[in-house]
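>
Protein chains: 2
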Amino acid sequence: MNKNIIIASTSTLHGGDYLEYLLPELRLHFKHCKKILFIPFARPGGISHEEYTAKVATAFAKINIKVKGIHEFEDFSTAVSNAEGIFTGGGNTFLLVSQLYKNKIMTILAETVKRGTPYLGTSAGSNICGLTMQTTNDMPIIYPPSFITLGLVPFNLNPHYLDPDTTSTHMGETREARITEFHAFNNVPVLGLREGSWLEVKGDQTTLKGTLQARLFMPNQTPVEIESGTDLSYLK
Amino acid sequence: MNKNIIIASTSTLHGGDYLEYLLPELRLHFKHCKKILFIPFARPGGISHEEYTAKVATAFAKINIKVKGIHEFEDFSTAVSNAEGIFTGGGNTFLLVSQLYKNKIMTILAETVKRGTPYLGTSAGSNICGLTMQTTNDMPIIYPPSFITLGLVPFNLNPHYLDPDTTSTHMGETREARITEFHAFNNVPVLGLREGSWLEVKGDQTTLKGTLQARLFMPNQTPVEIESGTDLSYLK
Chain A
1 MNKNIIIAST
11 STLHGGDYLE
21 YLLPELRLHF
31 KHCKKILFIP
41 FARPGGISHE
51 EYTAKVATAF
61 AKINIKVKGI
71 HEFEDFSTAV
81 SNAEGIFTGG
91 GNTFLLVSQL
101 YKNKIMTILA
111 ETVKRGTPYL
121 GTSAGSNICG
131 LTMQTTNDMP
141 IIYPPSFITL
151 GLVPFNLNPH
161 YLDPDTTSTH
171 MGETREARIT
181 EFHAFNNVPV
191 LGLREGSWLE
201 VKGDQTTLKG
211 TLQARLFMPN
221 QTPVEIESGT
231 DLSYLK
Chain P
1 MNKNIIIAST
11 STLHGGDYLE
21 YLLPELRLHF
31 KHCKKILFIP
41 FARPGGISHE
51 EYTAKVATAF
61 AKINIKVKGI
71 HEFEDFSTAV
81 SNAEGIFTGG
91 GNTFLLVSQL
101 YKNKIMTILA
111 ETVKRGTPYL
121 GTSAGSNICG
131 LTMQTTNDMP
141 IIYPPSFITL
151 GLVPFNLNPH
161 YLDPDTTSTH
171 MGETREARIT
181 EFHAFNNVPV
191 LGLREGSWLE
201 VKGDQTTLKG
211 TLQARLFMPN
221 QTPVEIESGT
231 DLSYLK
């Protein structure tokens, strides 16, 4: 398969502009694209598709790429399959997945990206690259018809991965405890991507990028730290 | 209605034993009970029904109340309707709700508690007291047949409510941002219960207890702080 995918933990680093830290990478990733298709369905903070698309267009203008929101098309499936490149932004994963199913584009989106159309996901848009959305951090604000997602990689993602705060007195579950609960019922590997990390998927090769380590959770095993540059193609 | 319910944010305060801070309250709440029914379905950290029930039994032994897990009964519906008192513990809300539906006891549990059987919920066991489980903090580790829950109060709960950490550089959504996203699609009030707070529901009266304030989120309104002792019966 000719996959060409960036799966980023976050769109924005603390103190930085939207997509700023990724722009050098995106310039290369989308080098053959004059215009990309943006999927704004996750609507962070409930903002409209129009507002969200305008924000994305401002960021991509810096690398001379135009952006069109999928909501501007009459036929969403054709918009996906004809796109030069595709970006799915962050927000609420339950909402994003519900909308992908409601608009009947989950399958065509997976097929199009597997065929080689360059794809970028951030946060919720990265969550859906895994086998299921079941390791999202988001609130279930809407009931999706299924938790199954694009399956562009053979494992699940936990974007915005957060290490336990050892000074905290809060008794809510840590991120690691939540992933352990996931593994009590599912045997899919989970990759915790810290903010500033991303995965680069080129064909059959999946590489951890950025300066940070990622945390890999395998069922019934102690989690391990993965170094930047590691090839994760061995994960099944 | 003769409701007699405690809806607690957490089972355990930092540095305290399991249920310790609530025991004086529970002694009164379950004063007519020699034995209570425990619903261990939420399985925190994936522990077994047996282990979880043993932990709860140890805590309730301190106030001379026996505990029997619902998994020890042949007929779950009869166990619920005949119980002297009922406690649903915390863990994963998706798992808890899935199990309540799978075992066909969601409706009988709601009816039994509305009829006056004393009920205690902590964390996930509190989440299900609201209209829906859609303001849980938990990961969707299992796909439930519905997000609709017991509706013992006419609003939703957010247990383990956490104020934004103003010193944090993490870019994941704050709890308040997540509840704002919920309100973009739902017009149900949401009560954020901080750890150490609980609601006492007696008949038609719902009172905030404990020493802390709670944070009330109404759709399209700025959230407000609610003082301990406030009667929340006006919420619809």
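Taken in sequence, the protein lines are chains A and P.
Heads up, the first sequence is in full-length UniProt numbering, so the first residue is 1 and it goes up one at a time.
Heads up, the second sequence is in full-length UniProt numbering, so the first residue is 1 and it goes up one at a time.
In this text, a Cβ means the ideal position worked out from N, Cα and C, and glycines have one as well.
(1) Checking the sheet assignment: what are the DSSP bridge partners for THR122(P)?
(2) Starting from ASN137(P), find everything on chain A with Cβ-Cβ shorter than 7 Å and list it in chain order.
(3) Just reading off the beta strand (DSSP E) that ASN158(P) is part of, what are its end residues?
(4) Restricting to Cα atoms, I'd like to know which of PHE38(P), ILE108(P) and THR12(P) is closest to ILE70(P).
(5) Could you name the residues of the same chain whose beta carbon sits closer than 7 Å to that of SER11(A), not counting the 5 residues immediately before and after it, in chain order?
(6) ALA124(A) versus chain P: which residues are under 7 Å apart at the beta carbon?
(7) Listed from N- to C-terminal order along the chain, which residues in the region 10 to 29 of chain P have their beta-carbon within a distance smaller than 9 Å of any beta-carbon of chain A?
(8) Can you list the residues of chain P that ILE142(A) reaches, using a CB-CB cut of under 7 Å?
(9) Pick out whichever of VAL97(P), THR58(P), GLU111(P) and ILE63(P) has its Cα sitting closest to the Cα of ALA83(P).
(10) Mind checking if ASN92(A) is an interface residue toward chain P, Cβ cutoff 8 Å exclusive?
(11) Output the boundary residues of the alpha helix (DSSP H) element that contains LYS114(A).
(12) If you count every other CB in all the chains shown that lies within 10 Å of the CB of ARG115(A), and 16 or more means buried, which is it?
(13) Contact between the region 90 to 99 of chain P and the region 220 to 236 of chain A is defined here as three or more beta-carbon pairs at a separation below 8 Å; is this criterion met?
(14) What are the residues in the region 31 to 47 of chain P lying within 8 Å of chain A by C-beta distance?
(15) Quick one, which of LYS236(P), VAL188(P), GLY151(P) and PRO140(P) has its alpha-carbon nearest GLY130(P)'s?
(16) How far does the alpha helix (DSSP H) with GLN205(A) in it reach, from first residue to last?
(17) So which residues on chain A does MET133(P) lean against when the C-beta distance must stay under 8 Å?
(18) Can you give me the start and stop residues for the beta strand (DSSP E) that GLU74(A) sits inside?
(19) With a CB to CB cut of under 8 Å and the five nearest residues on each side skipped, what residues in its chain are close to GLU227(P)?
(20) Using the beta-carbon count (16 or more within 10 Å), is HIS14(P) buried or exposed?
(21) Below 9 Å on C-beta distance, what does LEU162(P) contact in chain A?
(22) When the Cα of HIS29(A) is compared with those of ILE5(A), GLY16(A) and PRO44(A), which residue comes out closest?
(23) Quickly, what does DSSP pair ILE39(A) with across the bridge? List them, please.
(24) For GLU84(P), which residues in chain A fall below 9 Å Cβ to Cβ?
(25) For ALA177(P), go through chain A and note every residue whose CB falls closer than 7 Å to its CB, in chain order.
(26) Would you mind giving the Cβ-Cβ distance between LYS192(P) and ASN158(P), rounded to the nearest angstrom? I have them listed as a contact below 8 Å.
This is what the structure holds:
(1) ALA8(P)
(2) GLY172
(3) 156 to 158
(4) PHE38(P)
(5) TYR18, LEU19, GLY89, GLY90, THR122 and SER123
(6) Those do not exist, as ALA124(A) stays about 10 Å from chain P at its closest Cβ, beyond 7 Å.
(7) Flagged, chain order: THR10, SER11, THR12, LEU13, HIS14 and GLY15.
(8) PHE185
(9) GLU111(P)
(10) It does; some Cβ of chain P falls within 8 Å.
(11) 106 to 115
(12) ARG115(A) should be labelled exposed.
(13) The region 90 to 99 of chain P makes no contact with the region 220 to 236 of chain A; the number of CB pairs closer than 8 Å stays below 3.
(14) ARG43, PRO44, GLY45 and GLY46
(15) GLY151(P)
(16) That residue, GLN205(A), is in no alpha helix (DSSP H); its beta strand (DSSP E) goes 205 to 209.
(17) Within 8 Å Cβ-Cβ: PRO140.
(18) For GLU74(A), no beta strand (DSSP E) run applies, since DSSP gives it neither H nor E.
(19) Result list for GLU227(P): LEU208 and GLN213, in chain order.
(20) exposed
(21) HIS170 and GLY172
(22) ILE5(A)
(23) THR88(A)
(24) In chain order: nothing, as chain A lies at least about 28 Å away.
(25) Under the 7 Å cutoff, chain A gives GLY45.
(26) It should be pointed out that residue 192(P) corresponds to Gly in this sequence rather than to Lys. Yes, they are in contact, since the Cβ atoms of GLY192(P) and ASN158(P) sit about 5 Å apart, within 8 Å.
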